[in-house]
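Q:
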Amino acid sequence: MTSRVLTCLLLSVLCALPAAGARPVPAPAAEGMAMLQRMDTARVQGSPSTLRTELDAQEAKAPKDPMPRVYRAFLALPSDESFAEFKALAVVYPENPWPFVGMGLVYVRWGMLKDAAAPLETARKVVPGFAPALWADGLRLQAEGKAPEAEARLREALTKLDVPRFRTDLALLLAGRPGGAAEARTLLVRSVKDWPEQPEALQVLSRLAREAGDAKAGAEAGALLVALQPHDREAHRRQADAWLAAGDKAQAVKMLERYATLGGAEPAVLATWVRLNVALNRPDDEAKALVRLAAATPKDPEPLLRLATLAEGKQDAAGTEARLDQAAALAPQRADIQVRRARLLLKQERYFEAVAAYRAALAAPERPVPEAAEEAAQLSKKLRLPAAPAKGTVEQIYDRVSLGLVALYLEHLMEKPDLKGNLKVRVDLDPTGKATNVVVLYDSLQDVLITHHAHVAFMDAQYPPGSPSPEYQYVFRPPPR
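Reading the sequence shown from the start, the letters are residues -21 to -1, 1 to 460 in mature numbering (1 follows the signal peptide of the UniProt record, and there is no 0).
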């Protein structure tokens, strides 16, 4: 024992000397075990300091009563300070079995099993049949690998005092032995009913129930365990599996959502969350899960494509387009994504963008869409696009594009005899003569097919290198009648 512990021991002895008069009565076994249970609960809940403050107040109120100090030492177990306090109290109050039980438990926790036997035997002599001493000795025997002797001692303690702690430790011993699962489960059911704040007991009970084929009972025990570990995302993941085994998809979804909220990002787990929401027909929750899955799988376009489908179902064109654009950026070689984009753009009468999307689809080697070629051809026909790009001088290109624009205009005059207006565009060129953009500067005609024909035709045209960015203007007027 260190000199620091010896110093603490001497100070504790001096502090423990009682005043003259009646000796304080040790706490009964049931009362003491109830306090130890409160300590374990406080540890699980992360609030041992609150209990320590309460014990300090009890000691101040009854300074001649050693039990607040005993309990405070149990709360600090298995530290050097707790052992020193137990030792000092045992010297001053040799008729009190609790300090001896405390010393024995400290030795057991430290792995000094031979040293643990003596104080526990003293406790049993001080109060014959003292159940907490029998219990602690059972833990010592179990640590020594003497399972039959440990079981006998724990059963003896339980016979004298039926409390959750004793049931739990006997059950945990039996659960690890062949043929002991059924009794262990019975003991644990009673124990956690009276004292649910037992993580290890709940974990073993959940496992035993599942192994016995009672998935629902296993899930219910696991739910209590998760309630004790609200910030443990892996506990929520395991509980989701338990609820699934029990056939409760709604509860499993709750666990998986909590898992994700706590930062869980395992793609397989998030994919399960998505599938369950699909099965439960919860599109909004599915979308929430898909966003998480997309973030966890940044190279996979599938979550984005499903998000696009959900947005489309809600008539959210902007959301659909955004998701399809993201998917296309991730998988530029997939033709099916470009076709979806093209069809969406076509529906919105954004023809020149639809043309580009169809062209990208026809050039993409993966997942071709057989109908895409015909759809692209129909769009070209609708826009009266030239069979080959215009080329030559800036003026020649102007004249060539004019043919298609005039043809479209004459077609539309048949439906709108008074159709007239001006169209002026600028074509931005790079130094090689490649068009980089077509900007509509003025459009009083407001004929979408004509405007989009001009956009596609001027973007496709082949300009002489070094050409300045040209501006083209067309005046559309009906012919004289």
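We put the CB at the ideal spot given by N, CA and C, even for glycine.
Specify the secondary structure class of G226 as computed by DSSP and reduced to three states.
A: For the purposes of this step, residue 226 is taken as residue 247 along the sequence shown, with counting starting at 1. G226 falls in the coil class under three-state DSSP.
Q: Would you say L309 and K278 are within 9 angstroms of each other, going by their C-beta atoms?
A: Along the sequence shown, read from residue 1 onward, the residue named residue 309 stands at position 330. Along the sequence shown, read from residue 1 onward, the residue named residue 278 stands at position 299. Going by C-beta atoms, L309 is nearer than 9 angstroms to K278.
Q: A310 by DSSP, collapsed to three states: which one?
A: Indexing the sequence shown from 1 puts residue 310 at position 331. Looking at A310 - three-state DSSP - the assignment turns out to be coil, as it is neither helix nor strand.
Q: What's the gap between the Cα of A126 and the Cα of V23?
A: For the purposes of this step, residue 126 is taken as residue 147 along the sequence shown, with counting starting at 1. For the purposes of this step, residue 23 is taken as residue 44 along the sequence shown, with counting starting at 1. Near 27 angstroms, if we compare the C-alpha coordinates of V23 and A126.
Q: Output yes or no for whether 9 angstroms exceeds the beta carbon distance between A198 and W222.
A: Position 219 of the sequence shown, counted from the first residue, corresponds to residue 198. Position 243 of the sequence shown, counted from the first residue, corresponds to residue 222. Their beta carbons are under 9 angstroms apart, which means A198 touches W222 by this criterion.
Q: Y451 bridges to which residues according to DSSP?
A: If you number the sequence shown from 1, residue 451 lands on position 472. V404, per the DSSP bridge assignment.
Q: With three or more C-beta pairs closer than 8 angstroms as the rule, is the stretch 43 to 56 touching the stretch 26 to 35?
A: As far as the Cβ criterion goes, the stretch 26 to 35 touches the stretch 43 to 56, which means the pair count is three or higher.
Q: Given a threshold of 16 other Cβ atoms within 10 Å of its Cβ, counted over all protein chains shown, does A6 qualify as buried or as exposed?
A: In the sequence shown, residue 6 corresponds to position 27, counting from 1. Counting Cβ neighbours within 10 Å, A6 comes out buried, since at least 16 surround it.
Q: Here's the rule I'm using: 16 or more other beta-carbon atoms within 10 Å means buried, otherwise exposed. How should W114 be labelled?
A: In the sequence shown, the residue the question calls residue 114 occupies position 135. Its Cβ being crowded by 16 or more others within 10 Å, W114 is buried.
Q: Rounded to whole angstroms, what is the Cα-Cα separation between V270 and L286?
A: Start at 1 with the first residue of the sequence shown, and residue 270 comes out as number 291. Start at 1 with the first residue of the sequence shown, and residue 286 comes out as number 307. Whole-angstrom Cα-Cα distance: 8 angstroms.
Q: Does the beta-carbon of A352 have 16 or more other beta-carbons within 10 angstroms, so that it is buried, or is it exposed?
A: If you number the sequence shown from 1, residue 352 lands on position 373. The residue is exposed, with fewer than 16 neighbouring Cβ atoms inside 10 Å.
Q: Let's see if you can read the secondary structure: which residues bound the beta strand (DSSP E) around V418?
A: Working through the sequence shown from its first residue, we reach residue 418 at position 439. Unbroken beta strand (DSSP E) run through V418: A414 to D422.
Q: If contact is defined by three or more beta carbon pairs under 8 angstroms, each pair taking one atom from either stretch, is the stretch 411 to 423 in contact with the stretch 366 to 384?
A: No contact exists between the stretch 366 to 384 and the stretch 411 to 423.
Q: Taking DSSP as the reference, what is the three-state secondary structure of S(-10)?
A: Against the sequence shown, residue -10 aligns to sequence position 12. Confidence at S(-10) is low in this model, with a pLDDT of 42, below 50, so its placement is unreliable and the value that follows should be read with caution. S(-10): helix per DSSP, three-state reduction.
Q: Entirely within the stretch 346 to 416 and at least 4 residues each: give me those alpha helix (DSSP H) ranges in chain order.
A: Counting only runs of 4 or more, we get 351 to 362 and 373 to 392.
Q: With a threshold of 16 other CB atoms inside 10 Å of the CB of V4, please say whether the residue is buried or exposed.
A: Position 25 of the sequence shown, counted from the first residue, corresponds to residue 4. With fewer than 16 other Cβ atoms within 10 Å, it is exposed.
Q: Do you know how far the Cα of V70 is from the Cα of V(-9)?
A: As a working note, residue -9 is residue 13 in the sequence shown. As a working note, residue 70 is residue 91 in the sequence shown. Because V(-9) sits at a pLDDT of 40, beneath the cut-off of 50, its placement in the model cannot be relied upon, and the following sentence gives the value as read from the coordinates. Distance between the alpha carbons of V(-9) and V70: 7 angstroms.
Q: Contact between the stretch 85 to 105 and the stretch 127 to 138: three or more CB pairs below 8 angstroms?
A: Touching, no.
Q: Buried or exposed: S185, going by 16 or more other Cβ atoms within 10 Å of its Cβ?
A: Position 206 of the sequence shown holds residue 185. So S185 counts as buried.
Q: Give me the DSSP bridge partner(s) of residue 540.
A: Absent from the model: residue 540. The displayed extent of the chain is -21 to 460, so no value can be given.
Q: Kindly give me the distance between the Cβ atoms of L325 and L428, rounded to whole angstroms, as I take these residues to be in contact under 8 angstroms.
A: For this step, residue 325 is matched to residue 346 along the sequence shown. For this step, residue 428 is matched to residue 449 along the sequence shown. So it is not a contact: roughly 12 angstroms between Cβ atoms.
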